[in-house]
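So for the sequence shown, this note's numbering puts the first residue at 9; every next one is plus one.
Below: the structure, in structure tokens.
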Amino acid sequence: MSEHSPSPSGPAWHVLRHAPFRRYMTGETISMLGTWMQQTAQGWVVAGLTSSAFTLGLIHFCSGIPMLLLTMHGGLAADRYDKRRILIITQVVQIVLAISIGWLVGSGQIAVWHVVVAGVLLGISTAFEMPAAAALVPELVERSQLKAAIAVDRSTFHATRLAGPALGGWLIAQLGTASAFYANALSFVALIVAMISLHPRPRGTDEEEAMRKTGMKEGFHYVRRDKPTLAMIWLLATLTTCISPFFMITMPLYSRHVLQIDAQSHGFLMASSGIGAFLGSLWLMTIKSDRRAMYLRLGAAVVCVCMLSLALAQHLWQAITAMSILTLGTSTMFGLANTIVQERAPDAIRGRVSAILGLSFFGVLPFSGLAVSEIADLVGLRVAMAGGSLLFGLSAGLLLYSHRRLCMKQPVAVAVGSEA
């Protein structure tokens, strides 16, 4: 993609002319719609079973531990084995889980421990799915179009984040909560079909193939030496610690017990998070490389202000406005950080680098979610949200100021058998 592309309708979208990438994105779009529908339904179910923020945090903690323990193994598998087969297997596992929870909800037998067990199994599946999916996208396009492919992938993710919760809320109101789980199970079929249609990865050079057979320490060694990559991972970890738990974990309690709105309104609030996130991912396509540091700082400021506004909101429309702009900032930051890391990562260890990047979110969220949920129970959700906003503003400001020029540095070289 040209750095001077004026709009998302320009050269950035030409990446969709690649048939494999287009088929993958079609399947991914349908699958992600189902995922967001189920997340909305599950959050509503759990909020009906408990009013404790700590319980919600504990559920996410239990599902996140397998990811913390296994994601690096997932990244290693993504580098060594066929990513298509890994993704097909993980989709089948998630189909079984969605149908099982849907049946329990529909039959009125659902309990918190069911959600915990399903979360642990989903965490195991996601630990292998996430790095395989992240490393697959660059294989479906030319390297010069990698930035565009990542931007399109992020745009699709957030577009479904916009539509999925609203559709999930509508399904809950019209057909019952279990219908959202069954719809999610069906949606995985589209991605499985897309995976079957893709060709295997072409063989790389002898050096690349040798590097693929090395261990996990090569991924850590590269990240430690490549300062821009390390800075982006720390930035996302900070965002995940201070901000993400509130709109990823405690939002059902915010809707039920703070704003006191119904399931359909909660769906609209969660859908509003997709509006800003989708716009942020489109905006990502137009940001030039030499302006990335500035937009990262701007995104951090937007996130800080809007989280504070969300904490102070008294009405649904105020919360929707704050949530929309908040996710515009978080989407910009996540998208830029991911682009910087993926553009710099060597192909042979991309799965492991993707896994480490994923750990800055999935590995941190279980612990930050548990801590934030406990704090919310002690001081109240509004006070906890305001505190998270201020802590993030301070931490991100210091980090981005100290690394303001690193995004322009060349990536470090890797070699077979490099020592950590």
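By construction, the Cβ of each residue, glycine as well, lies at the ideal position given by its N, Cα and C atoms.
Just so it is clear, the structure is predicted and the values come from calculations on it, not from any experiment.
Quick one, which of the options has its alpha-carbon nearest residue i's?
| i | options | result |
| --- | --- | --- |
| ALA141 | PHE255, VAL387, THR79 and ILE269 | THR79 |
| THR246 | THR58, THR37, LEU199 and ALA345 | ALA345 |
| VAL310 | ALA327, THR294 and THR338 | THR338 |
| GLY114 | GLN50, VAL101, THR63 and PHE62 | GLN50 |
| ALA271 | ALA85, SER397 and GLY177 | GLY177 |
| MET302 | LEU199, ALA404, GLY388 and THR329 | ALA404 |
| LEU199 | LEU398, ILE97 and LEU129 | ILE97 |
| PHE62 | VAL266, ALA384 and LEU336 | ALA384 |
Are residue i and residue j close, meaning C-beta to C-beta below 9 Å?
| i | j | result |
| --- | --- | --- |
| ALA431 | ASP87 | A question about residue 431 goes unanswered here, because the residues of the chain that appear run from 9 up to 428. |
| MET224 | ARG360 | yes |
| GLU147 | GLN99 | no |
| VAL145 | TYR32 | yes |
| ALA106 | PRO173 | no |
| VAL123 | VAL53 | yes |
| GLY288 | THR249 | no |
| MET331 | GLY284 | yes |
| MET75 | ALA135 | yes |
| PHE69 | PHE375 | yes |
| GLN153 | HIS22 | yes |
| GLN46 | ALA191 | yes |
| GLY110 | ALA157 | no |
| GLY127 | SER71 | yes |
Buried or exposed: which applies to residue i, given that a residue is buried once 16 or more other Cβ atoms fall within 10 Å of its Cβ?
| i | result |
| --- | --- |
| PRO208 | exposed |
| ALA27 | exposed |
| ASP298 | exposed |
| LEU64 | buried |
| TRP44 | buried |
| GLU150 | exposed |
| ARG169 | buried |
| SER17 | The pLDDT assigned to SER17 is 44, lower than 50, so where the model puts this residue is not dependable; a value taken from the coordinates is nonetheless given after this. Looking at its Cβ environment, which holds fewer than 16 other Cβ atoms inside 10 Å, SER17 is exposed. |
| ARG25 | exposed |
| GLY56 | exposed |
| HIS274 | buried |
| GLY116 | exposed |
| SER39 | buried |
| LEU386 | exposed |
| HIS229 | buried |
In angstroms, rounded to a whole number, what distance separates the CA positions of residue i and residue j?
| i | j | result |
| --- | --- | --- |
| PHE254 | LEU292 | 24 Å |
| SER410 | CYS312 | 19 Å |
| THR37 | LEU320 | 34 Å |
| MET203 | VAL197 | 10 Å |
| ALA363 | GLY82 | 7 Å |
| HIS323 | PHE29 | 42 Å |
| GLN350 | ARG92 | 19 Å |
| ILE103 | PHE369 | 24 Å |
| LEU244 | PHE342 | 7 Å |
| GLY35 | THR164 | 11 Å |
Among residues of its own chain, excluding the 5 on either side of residue i, which ones have a beta-carbon nearer than 6 Å to its beta-carbon?
| i | result |
| --- | --- |
| ALA353 | VAL361 |
| GLY371 | LEU76 |
| GLY282 | HIS166, ARG169 and LEU170 |
| SER397 | CYS312, MET315 and LEU316 |
Spatial neighbours of residue i within its chain, please: CB distance less than 7 Å, with the 5 preceding and 5 following residues excluded, ordered by chain position.
| i | result |
| --- | --- |
| LEU318 | ALA327, ALA330, MET331, LEU334 and MET393 |
| ILE132 | PRO74 and LEU78 |
| ILE257 | LEU64, GLY65, HIS68, GLY377 and SER381 |
Can you list, in chain order, the residues of its chain whose CB lies under 8 Å from that of residue i, leaving out five sequence neighbours each side?
| i | result |
| --- | --- |
| LEU194 | GLY42 |
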